[in-house]
Structure formats: structure tokens, C-alpha cells
Amino acid sequence: MTGVKMNRSRQLFRKAESLLVGGVNSPVRAFRAVGGRPLFIARARGATVWDADGRPYVDYLGSWGPMILGHAVPEVIRAAGNALKNGSSYGAPAEVEVRAAAMVREAFPSMERVRFVSSGTEACMSALRLARGYTGRRYIVKFAGCYHGHSDGLLVSAGSGAATFGHPTSAGVPPEVARLTIVLPYNDESAVESAFRKWGKEIACVIVEPVSGNMGVVAPEMSFLCALRRLTKKHGALLIFDEVITGFRLSLGGAQALFGLRPDLTCLGKIVGGGFPVGAFGGPRRIMEKLAPLGPVYQAGTLSGNPVAMAAGCAVLAELKKARPYGRLREKTRTLAEGIRESGRRRGQKIVVNSMESLFTVFFTDRPVTDFASALRCDTRRYARFFHGLLKRGVYFPPAQFEAAFVSAAHQGKDIRKTLAAVDDVFREMK
Ligand code: HOZ
């Protein structure tokens with residue numbers, strides 16, 4: 028046989044394409060936004076993932092957020108392993124659910140009552156139904172470029188993969204459903220004011236990523252978040268913070284603790300499950316008790332509060348509470364963001380690096396990115412070159428422009444130095 032031997036990832040992807048839609052189970056993983064073929068990951072530890080050919084990469088995906096402590100953390104392995112020995116699912120209450128709920132409420136005092144589900148999508152979808160059931164209203168307000176999972180009413184002008192693949196409003200969402208979603212520009216409080224003037228009595232809730240991670244990282248204006256709180260209260264609508272990304276990441280108590288704001292409902296996912304499929308939503312008793320079995324809003328799940336997932340989540344939350352890695356995470360992210368900006372300046376690149384605590388995005392534009400419209404002005408082809416340049420040098424960034432990169436407690440100085448050297452080299456090459 029002559030020619031180059033096909034690497035294992037490529038072999039696996041070829042096979043996967045004949046079995047899985049697009050070879051993947053979640054669109055952005057297919058690398059279509061950046062071209063080429065996805066890597067298959069065989070194992071992960073700390074801040075490193077290894078592909079199926081045994082090549083290591085400094086990982087900034089962190090499974091899209093859950094791995095704030097890094098991969099294969101001994102405490103998490105131990106907790107999940109011990110739980111597993113007692114069976115993997117009961118479909119009946121277990122003590123660990125109570126422990127997890129107490130930990131969530133301690134970190135998020137606004138979540139007086141909690142319901143665990145199996146994903147962030149499910150948490151947001153259920154919070155929406157609850158908001159409608161509680162207020163007896165039908166409209167919801169969301170912001171262009173925010174992504175709250177893939178339930179029908181929320182897949183309207185959505186960020187993340189929906190934006191990447193050019194379907195911010197998905198096919199299959201009936202227009203009758205999409206019409207119930209009012210989409211406004213992020214960071215635009217006057218747009219929110221006029222929406223409330225027009226439909227105030229019919230708006231059940233406003234749902235927002237308090238720091239957006241799904242059009243890339245976009246920080247909120249404090250006045251914007253305050254206006255949301257003020258206007259929802261004034262008009263009897265609920266304010267929902269989607270903290271699926273920010274919860275336990277920006278601080279132990281998420282964005283709401285960092286900004287000192289109290290939403291009516293909070294949605295969690297990712298970190299709360301310690302790398303297992305978990306979501307949660309919660310809020311004050313008077314609202315949450317509208318949920319079945321106490322109230323008329325129905326919501327249920329066979330794997331909700333799964334004991335293995337709950338045990339893993341508790342282990343991560345306990346570790347975060349003990350180690351309080353937030354200051355160090357912020358410092359590492361600042362070093363990365365400043366290093367990338369500096370390199371960009373030196374190499375004549377038009378980039379903007381947005382960062383917030385342990386989240387950041389390198390945008391290929393020279394104008395500030397403050398909302399979806401400015402994010403969409405980025406040069407996604409240059410992002411693709413940047414991504415592949417880094418990957419070739421052993422650094423794994425998100426395979427799409429409209430996503431966040433995640434820094435973990437496991438990233439060490441040497442990882443950051445390697446990343447910055449790779450970035451500089453790629454920028455030099457991209458000139
Ligand atoms: N929705 C995630 C990006 N914001 C992607 C999830 C995945 O592909 O794992």
C-alpha cells in the first residue's frame with residue numbers, strides 16, 4: 028500500500044457519517060463552521076484532551092462549560108463511581124438529590140425551590156412553561172444571539188450552532204409558535220421598554236443570558252440588566268436568567284451574585300452536573316409551587332435527579348466551594364486575553380477579544396462586539412484559519428466563531444504559555 032495512512036479520527040468520522048446524522052450528535056462538533064473533519068476524542072485529563080491518534084491538545088472547550096475543574100477530577104470520579112455501585116437510576120427519590128438541591132440553593136439564594144432535569148435545554152423549556160402557567164400570559168421576550176437550548180419557542184433568532192449554520196430560526200418551528208417569541212437586540216434597553224409599552228400585559232417572561240456565551244462572549248451593560256429587572260417587575264412578567272453557562276462559573280452564585288441582581292427564575296446546566304447530563308431551574312416558592320405535583324404546570328423526567336449525575340455534580344460544587352478558584356481563573360483568562368490582544372496588535376490582526384471571568388472569545392473584527400449584529404460582522408473565514416492553525420499546534424479552541432472558550436482550574440502556566448506562543452505563530456502565518 029502506498030499513500031498517507033488515514034488517521035483514526037478520519038476513519039471514525041467516515042464510519043460515523045454512515046450511522047449518525049452528519050457524523051455527530053450535536054451540530055457544532057462536525058467542524059462545518061471551520062471546515063475539515065472533527066477530531067475524535069479518546070480521553071481527557073486536567074486541561075488536556077487526546078484525540079483518537081493519541082495527540083494531546085490544550086483544551087478550551089471544556090465540554091462547552093461543565094469542566095470548570097478540568098477533566099477526570101479524582102473527587103468526581105470517586106463520587107460518581109461510588110454512586111454507580113449502588114445502581115444507576117431508581118425513578119424514585121434519593122438522598123443525593125436533596126444534598127444537591129441544598130448546595131444549589133446555598134449558592135443561589137433566589138432558587139428557594141429547585142427542580143432538576145437532564146439538560147440546559149430542558150431547564151429553559153420548563154422555566155418558560157412555568158412562567159406562562161404562573162402569569163397566564165403567552166408572549167416571551169428573548170434577545171437575538173442568545174441561545175437557550177433547542178426548544179421550539181427559544182429557537183428563534185438563536186445564537187450558537189443555530190447562528191453558525193445560518194438557521195437562527197429553525198425549520199420545523201411553526202410560525203404560530205415563533206410569533207409568540209418577541210426578539211429584541213441584546214444590550215438595548217430602549218427596545219425592551221417599547222416592547223413592554225406595546226405588549227406589557229401579554230408578556231409572561233423575559234429570558235436572558237446575563238453574560239452571553241452563545242454569540243461568542245458578550246458582556247451585558249449593567250443598565251440593560253437593571254432595566255430588565257425593573258420593567259419585568261413593573262409589568263408583572265418574570266425575569267429568567269439562563270445561567271446554564273454562567274452558573275457556578277462567573278462566581279459560585281453565577282452572574283446574579285456577581286451583578287447583585289435577583290431574577291425570578293434561574294436555569295442551570297453544565298457545571299451543576301459535573302460533566303453528566305443535568306439541568307435545573309428554580310425560583311421562589313410561590314412560583315415553583317405552580318409545578319406538578321403541587322400545581323397545574325406539568326413537567327417530569329425518568330432521569331431527572333439521576334443519582335450518579337447528582338453525586339458528580341455535588342462533588343464539583345463541593346470542590347468549588349472549598350477551593351474558590353474564581354480569582355485564579357480570572358487572572359489566567361486575563362493573561363490569555365491580554366496576550367492574544369498584544370499578539371494581534373504586533374501581527375496586524377483585526378481582532379477584538381471579549382472576556383468575562385473564565386470565558387473569552389477572539390472575534391475577527393476591529394469593532395466592539397456588544398450584540399448579535401456586531402458579532403455577525405466578524406470574518407468567520409479568518410476565525411476558521413485561526414482555529415485550524417491552533418489545532419495544528421496542539422491547542423483546541425471552539426470550532427465556531429459564535430462560541431465561548433472556557434478556562435478551567437486545571438490550566439497551568441505552561442498551557443497558557445503554549446497557547447500564547449501558538450496564537451502568535453498562527454497570527455504571523457495569517458498575515
Ligand atoms: N450548544 C453547545 C454550544 N453552545 C454545543 C454542545 C455540543 O456540541 O456539545
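In short: position in the sequence shown from 1, add 27, done, that's this note's numbering. Backbone N, C-alpha and C define an ideal beta-carbon position, used for all residues, glycine too. Because the structure is a prediction, the values reported are computed rather than measured.
Cβ-heavy atom distance, residue 174 to the ligand HOZ, below 7 Å: Yes, the beta carbon of residue 174 sits closer than 7 Å to at least one heavy atom of the ligand HOZ.
Residue 104 classed as buried or exposed, judged by whether at least 16 other C-beta atoms fall within 10 angstroms: Exposed.
Where the beta strand (DSSP E) containing residue 68 begins and where it ends: 68-72
Cut-off 8 Å between Cβ atoms - residues of its own chain near residue 352, not counting five sequence neighbours on either side: 95, 96, 436
Any non-hydrogen atom of the ligand HOZ closer than 7 Å to residue 369 Cβ: no
For residue 433, the residue or residues it bridges with in DSSP: 386
Euclidean distance between Cα positions of residue 11 and residue 434: Not covered by the structure: residue 11. The range shown for the chain is 28 to 458.
First and last residue of the uninterrupted beta strand (DSSP E) at residue 140: Element bounds for residue 140: 140-144.
DSSP state of residue 217 mapped onto helix, strand, coil: helix
As assigned by DSSP and simplified to three states, the class of residue 171: coil
Backbone CA spacing between residue 334 and residue 284 [nearest angstrom]: 28 Å
Residue span of the alpha helix (DSSP H) that contains residue 78, given as start and end: Element bounds for residue 78: not the alpha helix (DSSP H) but the beta strand (DSSP E), 75-78.
Alpha helix (DSSP H) segments (min. 4 residues) lying fully within the segment 370-427: If we require 4 residues or more, the alpha helix (DSSP H) runs fully inside the segment 370-427 come out as 399-403, 407-419.
Three or more C-beta pairs below 8 Å linking the segment 330-347 and the segment 368-383: no
Beta-bridge pairing of residue 307 - partner residues as DSSP gives them: 143, 295
Proximity test, residue 346 beta-carbon vs the ligand HOZ heavy atom, cut-off 7 Å: no
Nearest candidate by alpha-carbon position, reference residue 316, set 185, 100, 158, 69: Scanning 185, 100, 158, 69 for the CA closest to the CA of residue 316 turns up 158.
Residue 53: CB within 7 Å of a non-hydrogen atom of the ligand HOZ: yes
Local conformation of residue 29 per DSSP, three classes: With a pLDDT of only 47 at residue 29, under 50, the local geometry of the prediction cannot be trusted, and no value is derived from it.
Exposure of residue 125, with buried meaning 16 or more beta-carbon neighbours within 10 Å: exposed
Of the listed residues 164, 270, 451, nearest to residue 263 (C-alpha basis): 164
Nearest-angstrom Cα separation, counted from residue 146 out to residue 72: 23 Å
Residue environment, residue 449, which counts as buried when at least 16 other CB atoms sit within 10 Å: buried
Cutoff 6 Å; reference residue 409; Cβ partners in own chain excluding five residues on either side: 391, listed in sequence order.
Nearest candidate by alpha-carbon position, reference residue 36, set 57, 48, 454: 57
Through-space distance from residue 312 to residue 60, alpha-carbon basis: 43 Å
Buried versus exposed call for residue 411 [16 or more other C-beta atoms within 10 Å across all chains shown]: buried
Residue burial classification, residue 281 (beta-carbon count within 10 angstroms, cutoff 16): buried
Closer than 7 Å: residue 430 CB and nearest the ligand HOZ heavy atom: yes
For residue 323: DSSP bridge partner residues: DSSP, once it has assigned bridges, lists no residue as partnering residue 323.
Contact under 8 Å by Cβ, residue 339 with residue 107: Annotated as proximal: residue 339 and residue 107, with beta-carbon spacing under 8 Å.
Span separating the alpha-carbon of residue 354 from that of residue 277: 10 Å
The segment 203-221 contacting the segment 168-185, beta-carbon criterion three pairs below 8 Å: yes
Helix, strand or coil at residue 268 according to DSSP, with G and I counted as helix: strand
Distance cut-off 7 Å: residue 36 Cβ against heavy atoms of the ligand HOZ: no
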